[in-house]
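Everything on this sheet refers to the single structure shown next.
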Amino acid sequence: MTELESRLFALQDPAYRDFQRRLLPTADPETVIGVRMPALRALAKTFAADPAREAFLQALPHRYYEENNLHGLLVCGLRDYPAAAAALDAFLPFVDNWATCDLLRPRAFAKHPPELPEKLRAWLASGRTYTVRFGLGTLMSFYLDGEFRPEYLELAASVRSDEYYVNMMVAWYFATALAKQWDAAVPYLENRRLDARTHGKTIQKAVESFRIPDERKVYLRTLRG
2 MTELESRLFA LQDPAYRDFQ RRLLPTADPE TVIGVRMPAL RALAKTFAAD PAREAFLQAL
62 PHRYYEENNL HGLLVCGLRD YPAAAAALDA FLPFVDNWAT CDLLRPRAFA KHPPELPEKL
122 RAWLASGRTY TVRFGLGTLM SFYLDGEFRP EYLELAASVR SDEYYVNMMV AWYFATALAK
182 QWDAAVPYLE NRRLDARTHG KTIQKAVESF RIPDERKVYL RTLRG
């Protein structure tokens, strides 16, 4: 066992491990140690200054779920956009579950560099479940407010997949778009631009949202079926 694995196992919570295993159907349960996220974030904060960090980031694939989450947290902490984008391109092919995927919100992306939309297109076209999901999540997190452009809705709507975790992120993206960019987003439901299941899930998530007014929820319910 490596020193880092020893540190992770020292933070193990067996009850939390069993809970996490039930939430991660696509991950090998034997790879889940059971480290709570606050403890993992604290470890990431100290490990970011460790000389072993770079070797760890290069040592792909990792064995444990928590190692992948630690890797993701370290990438999120990178301030340089090219470095963060390169680190993600190396890491994303090894992401095998929704939880690791969804913690990836790199700090460097908050500046909305002009290069990022091109990276998004590449991630969305990759055909890899969690790379596509990451691209959709990034589009949702960084491009539905001041940096919004109508063509980004088209990017999300063009995603076609049989994968549950991709389609649920498309639904989450459009439900959030309805809350933030109603006029641009609602035609995608009116014109049934999404597949039937994703269309239904989008409306379900939207009517459950506290950010969408009741009168709009009434209208969205008429678009079901």
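Per the numbering used here, residue 2 is the first one in the sequence shown, and the count goes up by one each step.
For every residue, glycine included, the Cβ atom is placed at its ideal position computed from N, Cα and C.
| Item | Value |
| --- | --- |
| Range of the contiguous alpha helix (DSSP H) that encloses residue 201 | 197–208 |
| Exposure label - residue 65; buried when at least 16 CB within 10 Å | buried |
| Selection from 217, 192, 30 and 79 that minimises the alpha carbon distance to residue 105 | 79 |
| Cβ distance (whole Å) where residue 186 is taken to contact residue 178 below 8 Å | 4 Å |
| Nearest to residue 72 (by Cα), restricted to the options 82, 169, 93 and 81 | 93 |
| Euclidean distance between Cα positions of residue 26 and residue 98 | 8 Å |
| Where the alpha helix (DSSP H) through residue 98 begins and ends | Note, residue 98: premise wrong, no alpha helix (DSSP H); not H, not E. |
| C-alpha distance - residue 144 paired with residue 56, whole-angstrom precision | 33 Å |
| Residue 42 to residue 74 span [Cα, whole Å] | 7 Å |
| Contact set for residue 189: own chain, Cβ-Cβ below 6 Å, skip 5 residues either direction | 158 |
| Nearest residue (CA-CA) to residue 59, options 184, 208 and 91 | 91 |
| Cβ-based burial, residue 147 [other Cβ within 10 Å; buried from 16] | exposed |
| Those runs of the alpha helix (DSSP H) which lie wholly inside the region 145–179 and span at least 4 residues | 151–158 |
| Three-state secondary structure assigned by DSSP to residue 69 | helix |
| The region 196–212 touching the region 163–178, judged by at least three CB pairs closer than 8 Å | yes |
| Unbroken alpha helix (DSSP H) run spanning residue 138, endpoints | 130–143 |
| Residue ranges of each beta strand (DSSP E) within the region 2–46, 3 or longer | none |
| Proximity winner among 35, 24 and 23, relative to residue 11 (alpha-carbon distances) | 35 |
| Buried versus exposed, by CB contacts within 10 Å (16 or more), residue 132 | buried |
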